[in-house]
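Participant: The sequence shown begins at 18 in our numbering and counts up by one.
Glycine included, C-beta positions come from ideal geometry on N, C-alpha and C.
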Amino acid sequence: MPRTYGRWPDTGECPAPTTDVRRRRSPRALRVTSRTPTVPAVGRSELRKKAIHTVASQSRAAEAAPKGLDFGINEWLVDEQYERYLHDPDSVGRTWREFFASPVSLPAQRAESHEAPAPEESGESAIKAVRVAALIDAYRARGHLAADTDPISNGHGTAQPDLDITAFGLRDDDLDAEFAVDGFTGRTTMTLRSVLNALREFYCRSVGTEYMHIRDSRERLWVQRRTESAAARPDVAEQLQILYRLGAAEAFETFLQTKYVGQKRYSLEGGESAIVLLDALLLRGIRRGMGEAVIGMAHRGRLNVLANIIGKSYADIFHEFEDATDVRSVEGSGDVKYHLGAEGTYRALDGRSLAVSVVANPSHLEVVGPVAQGVVRAKQDRAVRDGTAGSVLPIVLHGDAAFAGQGVVSETLNMSQLPGYRTGGTVHVVINNQLGFTTSPAGGRSSTYATDVARSVDAPILHVNGDDPEAVVRVARLAFDYRETFHKDVVVDLICYRRHGHSEVDDPSITQPAMYDRINDRPSVRTLYAEALIDRGDIGERQVEGALRDYQGHLERAFTETRTLSAARSPAPEHAVDDPNAAPSAVSTAITEATARHIVAAQTDTPEGFTVHSRVAPQLRRRAAMLDEGTIDWATAESLAIGSLLMDGVPVRLAGQDSRRGTFGQRHAVLTDRHTGLEHTPLRSLGSGAAELALYDSSLSEMGALAFEYGYSLARPDALVLWEAQFGDFADGAQTVIDEYISSSEQKWGQRSGLTLLLPHGLEGQGPDHSSGRIERFLQLCAQDNMTVALPSLPGNYFHLLRDQALGHHKKPLVVFTPKSMLRSKAATSDLTEFTDGAFRAVVPDDTVDAGRVRRVLFCSGKVFFDLDAHRRKADLADTAIVRLEQLYPFPEEEVAKELARFPAAAEVRWVQEEARNQGPWSFVGPRLEGLTGRSAACVSRPEAPASAVGSARRHAGEQRDLVLAAFD
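Here it is as C-alpha cells:
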C-alpha cells in the first residue's frame, strides 16, 4: 500500500488505549501504565511542589478534587498549568485563568456573583470545559509520544492512556457536545470530536512537536501557533523538487553500492530525506538573504551531502574510491573520503545562491559540532567587522546514539547562549537510525528520546517521520523560522532507519534480525513518495522516471571519465605539506618605547567615576613603574603583546576558564567597578585604529571550548586566537581535539590553524592535578613541523613568542606552557629593552660563566632554571653553565649546537627537569642532545611515576631540593 501523507487513517479513530502499554525501545524507550500508583496522587503532587516551587503549598489538582474535578493520571498537567499561571497569568488560556482564580467551583462562583441561576447541565458543561482545556494542553505536552514518527513501526503511533478522553473525566457521549475552547484553531467553541480530530492532526501525524518544556511563554506560543495551523500541500513544483532530491540521494548511494562493492561509504540509505531537509533549510536561507551556511557532520551520509548539497564533483568522489587522489596535493597524506571537508555553492532554481561548506571531521563523531560553531562565530565576527551584509547559518548533523551518548553535545548546547560562543542559533538535525553500531536504544540511553539533552537549553524538538518528505520540509521551515525569530538552537529529530549496517561490510541482521526484516521489506522513501504522488494524481509516472534517469546518466558519465583518468595516474610518494627544513621568514616583533608606555597607561586610565577594586588598583599602578624599574612581569608582558598587536591591526581573542581575571589573579584584562558592577576593558582604550579585542570567560568545559576555538582560528587566520586552560592538567579533557585537529589537521586535510594554547605548568606542591600540562604528550605528537611547543622562562621571550605567532606568515598551532609561581617572581622579570629590541630566543644562553672553565652544562626549561640558578649562586659554583631551552619543538638544533660549541668538548651534558623521568621533555630532548654531543646525556629528574606529582607539599619540597642537589652532584 502506498503511504497516505498528511492524513490520519480513514477510520478517523485514535488507537484505543490499553491498561499497560510497553512501547518498543526504538526509536524511544517508554513505559506508560494506568495502574494505580504506589504513591497517592495528591501526596506525589505535594512532594513535587515542595521540591520545585515553594509558592504553592499543595497541588492545585488536588484542591480541585473535592469540587468534582479529579484529573487522575493527568494531575501533573494541572500542576504545570498552575505553576505557569502563578508566574504569568497571561501565559495560560482564559479557561485556566478563570479556574485558578476561583477559590470554589465554577458553578458556585457564578452563584456568588448573583448571576441568573443556571441549570445543572450548564454547571457540568463549565466543569467539562476545564477538562477539555486540560485535554488540549495534554496533547500539546505529550502528543508527540503518540505521533506516527517511526517509519518501520507496525502501524501508527503508540496509544497513550493519559491522552484518552476518559483520563479527563470525559465520555463518548460528550463527543458531539459543544465546549468553550478559548481560541483553539481560531474558534470560541467546538465539539469534542472536532477538538480531538484537530489535536490528532496537529500532534499525532508524521510530526511530533515537543515544546511545552520551553520556559519562555512567547516561544511556546509561537511554536504552538505554527503547529496548530493547517499545513498547505506543496504545489507541483515543490513536489518535483522533493522528488528530484530524493532521487538524487538514492541514485548516488545505489550507484556507489553497485560500482564499488564492499567499500565503506557510510551510506544515507534509509535517511535520504536528510537531503530534502538540508535543501529546504538552504532555500529558506537564500530567501532570507543569508550569505553562507556551515555544516558540521559525522561520516554517515557525508558523501551524499558533499555531492548533492555542497556540489563536490562526482569525479572527485569517484577518484577517492579509486584511491587515485594525488597524495602530493594540499591534503598532505590525506584521510579517508568520508572525513573530508569541502566548500561549494548551493544554487536555487531561480539562480540565487548561497556559499556552503562542510567542516572536516575525524571519527570522533560529535566533536565536529563545536568546531563548526567556532567557524561560524568567526565568520559572523568578521562580517560585523567588515560591515558586509548577510549572516551565517550553522547546521549540525548528528547520529542518534552519539547525540545521546557523547558529552561534548551537552557542552556545546550549553555554550549556545553564552556571550563568547553564541551564533544566533543552530539547526541541529539528528539522523535517527534508531540504532548505534549494533547497540539498540535500550542499551544506549536512559532517556525517552535521543534528543532529550536538548531540553536543557529550552530548544524545541521536532520529531518527524523520515518517510514523509513533505512533513520533513515543513519541519525544516519551522526550525529555520524559529532560529531566525528567537536566535536559539532548534532540533529536528529525523526518525528514519539505516538500510545497511554501520558500514556496508557489516551485517546488521546478526544483532537486529526483526528490525532488518522490516527494513529489507520496505521500499525506499523515493519509491513511496512517487507512488503517493501518482496515486493522488499530482504528477505522472513519466515525470518520476525521467528525473531519476537523467540523474543516473550524470553518474555513469562521471564514472566512465574517472576510470579513464585513473588508468593514467600513479600515486606519488607522500611528503609533508611544507618542507620541514625550510626556514620560516623572520618578522619584526619589537615595539617602540612609546607604544609600550601608551599600552601601560591604558591600564590605569579608567573612566570617570569608575572604582577599581582595592586589591587590583595597586597591581595596575605597579605596571607603570615596571617600565622604568626594568621589572616587567608576565601579566604586563602579555598586555604589551596583545595591546601592540591590536595597535598593529591584529584582532585578538582570548577565552578560557576565568581567563579575564586570570586563574592566579594576575591578568585583570577586564575590570569590574567595585560599587556598580560595570565592566571596563583597558585594552579597548588604545585608540580608534586598534583592532577588536574579544575576552571571554568560558564555561567549565575543555573539549567543547577548545574545539570551538580551533574552529574559530580556522576562519580567522588574521587574528591571534588563544585558549587558556585553568591549569595545564585540565587540557587532557580535550585530548581528542589535540590529537585529531590541532596536531594532525594539516597533514590529514591541509587545514592550517594558528590557535595558541596557554597551559599553566609547573610542579609547585599543588598535587597531581594542578602540576603538569603533560609536555610529553604534545612532544609525542610533534612531527613534520606541525606545531610549536614552547616553555618560556622570561616575560620578554613570552612577549616575542606571542607577537611572532600573530605576525608570522605560516600558521601553525602554538602550545605555550605558562608559569604559575613565576608570575610574581622577582627573578622572572624582563627589562624594557627586551621588548624594544630583539626577538624570540629559542635558546637562552648562559652568559654569566666563563665558558672555558665549564665542566658541566645543564640544559633545562621553565621554572626549574630559577631553582638551579639560585643554588649555583648560593654555592658559588663557577664550573656549571645553565642553558635554557625555551622552544622544545621544532627543536632548535642549530642554536643548541652553537651553545654547546662554546664549552669544552669534555664538559658533561645533563638534562634537568622537574617532572618524573617518564614524563616531561626528556624522552624527546634526550636523543637530540645525544645526537649533537655524540655521547650519552644524563637525565636529572624525579623517579618514574604514574602520577604527575605527589600530594604532599612537604614531600614535594623535599623532592625538589634533592633534584636540584643531584643536578650539581
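Across which residues does DSSP place Cys988 in a beta bridge pair?
Facilitator: There is simply no residue 988 to check, as the chain begins at 18 and stops at 986 in what is shown.
Participant: Using DSSP with H/G/I as helix, E/B as strand and the rest coil, what is His161?
Facilitator: Position 144 of the sequence shown, counted from the first residue, corresponds to residue 161. If DSSP states are grouped into helix, strand and coil, His161 belongs with the helices.
Participant: Within the continuous beta strand (DSSP E) that includes Ile608, where are the two ends?
Facilitator: Counted from its first residue, the sequence shown places residue 608 at position 591. Segment: none, Ile608 is in no beta strand (DSSP E) and carries neither H nor E.
Participant: For Asp675, I'd like the list of residues in its chain whose CB is within less than 7 Å of its CB, leaving aside the five on either flank, ordered along the chain.
Facilitator: Sequence index remark: in the sequence shown, residue 675 carries index 658 (1-based). Counting only Cβ-Cβ distances below 7 Å, and skipping sequence neighbours, we find Asp714 and Gln743.
Participant: Starting from the Cα of Ala955, find the closest Cα among Ala962, Glu947 and Glu961 and give me that residue.
Facilitator: Counting from 1 along the sequence shown, the entry for residue 955 is found at position 938. Checked all of Ala962, Glu947 and Glu961; the closest Cα to Ala955 is Glu947.
Participant: Considering only the beta carbon of each residue, do Val376 and Gly358 sit closer than 7 Å?
Facilitator: As a working note, residue 376 is residue 359 in the sequence shown. As a working note, residue 358 is residue 341 in the sequence shown. In contact: Val376 and Gly358 (Cβ atoms closer than 7 Å).
Participant: Check each candidate in Ser234, Arg232, Arg242 and Thr853 and name the one with the smallest Cα separation from Tyr220.
Facilitator: Counting from one through the sequence shown, the residue named residue 220 turns up at place 203. If we check each option's Cα against that of Tyr220, Arg242 comes out closest.
Participant: Measure from the alpha carbon of Gln258 to the alpha carbon of each residue in Ser290, Arg235 and Phe883, then state which is nearest.
Facilitator: To locate residue 258, count along the sequence shown from 1; it is residue 241. Nearest of Ser290, Arg235 and Phe883 to Gln258, Cα basis: Ser290.
Participant: Per DSSP, which one or two residues make a beta bridge with Tyr727?
Facilitator: Residue mapping note: residue 727 aligns to position 710 of the sequence shown, counting from 1. According to DSSP, which records beta bridges pairwise, Tyr727 is partnered with nothing at all.
Participant: Please report the distance separating the alpha-carbon of Val967 from that of Leu980.
Facilitator: Along the sequence shown, one-based indexing puts residue 967 at 950. Along the sequence shown, one-based indexing puts residue 980 at 963. Rounded to whole angstroms, Val967 to Leu980 spans 14 Å at the Cα level.
Participant: Looking at C-alpha atoms only, which residue of Arg304, Pro921 and Thr183 is the closest neighbour of Glu501?
Facilitator: On the sequence shown, position 484 is the one that residue 501 refers to. Comparing Cα positions, the closest option is Arg304.
Participant: Within 10 angstroms of its Cβ, does Pro387 collect 16 or more other Cβ (buried), or is it exposed?
Facilitator: The count along the sequence shown starts at 1 and reaches residue 387 at position 370. Pro387 should be labelled buried.
Participant: Distance cutoff 7 Å, beta carbons only. Does Ala800 sit that close to anything in chain C?
Facilitator: Structure shown: chain C not included; a single protein chain is present.
Participant: What is the C-beta distance between Ile169 and Ile536, in whole angstroms, given that I count them as a contact (C-beta under 8 Å)?
Facilitator: Here residue 169 refers to the residue found at position 152 when the sequence shown is read from its first residue. Here residue 536 refers to the residue found at position 519 when the sequence shown is read from its first residue. Between Ile536 and Ile169 the Cβ distance is about 6 Å, and since that is below 8 Å, they are a contact.
Participant: Short of 8 Å in beta carbon distance, which residues of its chain neighbour Ile512, apart from the five on each side in sequence? Order them along the chain.
Facilitator: For the purposes of this step, residue 512 is identified with residue 495 of the sequence shown, where counting begins at 1. Excluding residues within five positions, the ones whose Cβ falls inside 8 Å are Pro44, Thr166, Asp167, Pro168, Asn449, Gln451, His480, Val481, Asn482 and Gly483.
Participant: According to the neighbour-count rule (16 or more other Cβ atoms, all chains shown, within 10 Å of its Cβ), is Gly666 buried or exposed?
Facilitator: Locating residue 666 in the sequence shown gives position 649, counting from the first residue. With fewer than 16 other Cβ atoms within 10 Å, it is exposed.
Participant: Taking Ile412 and Ile312 to be in contact with their CB atoms under 8 Å, please state how far apart those CB atoms are, rounded to whole angstroms.
Facilitator: Here residue 412 is taken as the residue at index 395 of the sequence shown, counted from 1. Here residue 312 is taken as the residue at index 295 of the sequence shown, counted from 1. Confirmed, about 5 Å.
Participant: What are the boundary residues of the beta strand (DSSP E) that Arg959 is part of?
Facilitator: Residue 959 sits at position 942 when you count from the first residue of the sequence shown. Per DSSP, Arg959 is one residue of the beta strand (DSSP E) stretching across Ala955 to Arg959.
Participant: Given 8 Å as the limit, is there contact between the segment 428-445 and the segment 721-735, that is, 3 or more CB pairs closer than that?
Facilitator: In short, these stretches touch, since the Cβ pair count reaches three.
Participant: Of all the options Gly186, Asp107, Leu712 and Ser108, which has the alpha carbon lying nearest to the alpha carbon of Ala146?
Facilitator: The residue given as residue 146 occupies position 129 in the sequence shown. Answer by Cα proximity: Gly186.
Participant: Nearest-angstrom Cα distance between Val14 and Gly361?
Facilitator: Lying outside 18 to 986, the shown extent of the chain, residue 14 is not represented and no answer is given.
Participant: For the putative contact between Leu875 and Leu917, defined by C-beta atoms under 8 Å, what is the C-beta separation to the nearest angstrom?
Facilitator: Along the sequence shown, read from residue 1 onward, the residue named residue 875 stands at position 858. Along the sequence shown, read from residue 1 onward, the residue named residue 917 stands at position 900. Contact doesn't hold; Cβ gap of about 12 Å is too wide.
Participant: Would you mind listing the alpha helix (DSSP H) stretches within the segment 649-696 that are 4+ residues and don't spill past its ends, in chain order?
Facilitator: 651-664
Participant: What's the gap between the Cα of His615 and the Cα of Glu931?
Facilitator: Working through the sequence shown from its first residue, we reach residue 615 at position 598. Working through the sequence shown from its first residue, we reach residue 931 at position 914. Their backbone Cα atoms lie some 39 Å apart in a straight line.
Participant: Compare the C-alpha of Ile478 against each of Pro486, Val293, His827 and Val444 and name the closest.
Facilitator: Reading the sequence shown from its first residue, position 461 is the one you call residue 478. Nearest neighbour of Ile478 by Cα position, chosen from Pro486, Val293, His827 and Val444, turns out to be Val444.
Participant: Going by DSSP, name the residue or residues bridged to Tyr906.
Facilitator: In the sequence shown, counting from the first residue as 1, residue 906 sits at position 889. DSSP output for Tyr906 lists Val806 as bridge partner(s).
Participant: Okay, do the segment 810-824 and the segment 905-915 touch, 3+ Cβ pairs below 8 Å being the bar?
Facilitator: The segment 810-824 is not in contact with the segment 905-915.
Participant: Does the Cβ-Cβ distance between Gly745 and Leu776 come in under 7 Å?
Facilitator: Residue 745 sits at position 728 when you count from the first residue of the sequence shown. Residue 776 sits at position 759 when you count from the first residue of the sequence shown. Result yes, Cβ atoms of Gly745 and Leu776 sit closer than 7 Å.
Participant: Relative to the alpha-carbon of Leu739, which residue among Gly437, Asp403, Phe883 and Val508 has its alpha-carbon at the smallest distance?
Facilitator: Translated into the one-based positions of the sequence shown, residue 739 becomes position 722. Of Gly437, Asp403, Phe883 and Val508, the residue nearest in Cα terms is Gly437.
Participant: Going straight from the alpha carbon of Leu774 to that of Arg399, what length do you get?
Facilitator: For the purposes of this step, residue 774 is identified with residue 757 of the sequence shown, where counting begins at 1. For the purposes of this step, residue 399 is identified with residue 382 of the sequence shown, where counting begins at 1. Each residue's alpha carbon lies about 22 Å from the other.
Participant: What are the residues that DSSP puts in a beta bridge with Ile773?
Facilitator: Your numbering for residue 773 matches position 756 in the sequence shown. The sequence shown places Thr at residue 773, rather than the Ile named in the question. Thr773 pairs with Leu739 and Leu831.
Participant: Just to check my reading of the structure: Glu741 and Leu831 have Cβ atoms closer than 8 Å, yes? What is that Cβ distance to the nearest angstrom?
Facilitator: For the purposes of this step, residue 741 is taken as the residue at position 724 of the sequence shown. For the purposes of this step, residue 831 is taken as the residue at position 814 of the sequence shown. The Cβ separation is near 12 Å, so there is no contact.
Participant: Return the first residue and the last residue of the alpha helix (DSSP H) that His817 is part of.
Facilitator: Mapped onto the sequence shown, residue 817 falls at position 800. Here the alpha helix (DSSP H) through His817 covers Pro812 to Leu824.
Participant: Could you spell out where the beta strand (DSSP E) holding His415 opens and where it closes?
Facilitator: Against the sequence shown, residue 415 aligns to sequence position 398. Counting along the chain, the beta strand (DSSP E) containing His415 begins and ends at Val409 to Gly416.
Participant: Alpha carbon to alpha carbon, how far is Pro597 from His336?
Facilitator: Locating residue 597 in the sequence shown gives position 580, where the first residue counts as 1. Locating residue 336 in the sequence shown gives position 319, where the first residue counts as 1. Low local confidence applies: a pLDDT of 45 at Pro597 is under 50, so the model's placement there is unreliable, and no value is given.
Participant: Would Tyr363 and Leu323 qualify as a contact pair, given that the criterion is a beta-carbon distance under 7 Å?
Facilitator: Numbered from its first residue, the sequence shown carries residue 363 at position 346. Numbered from its first residue, the sequence shown carries residue 323 at position 306. No. Outside cutoff.
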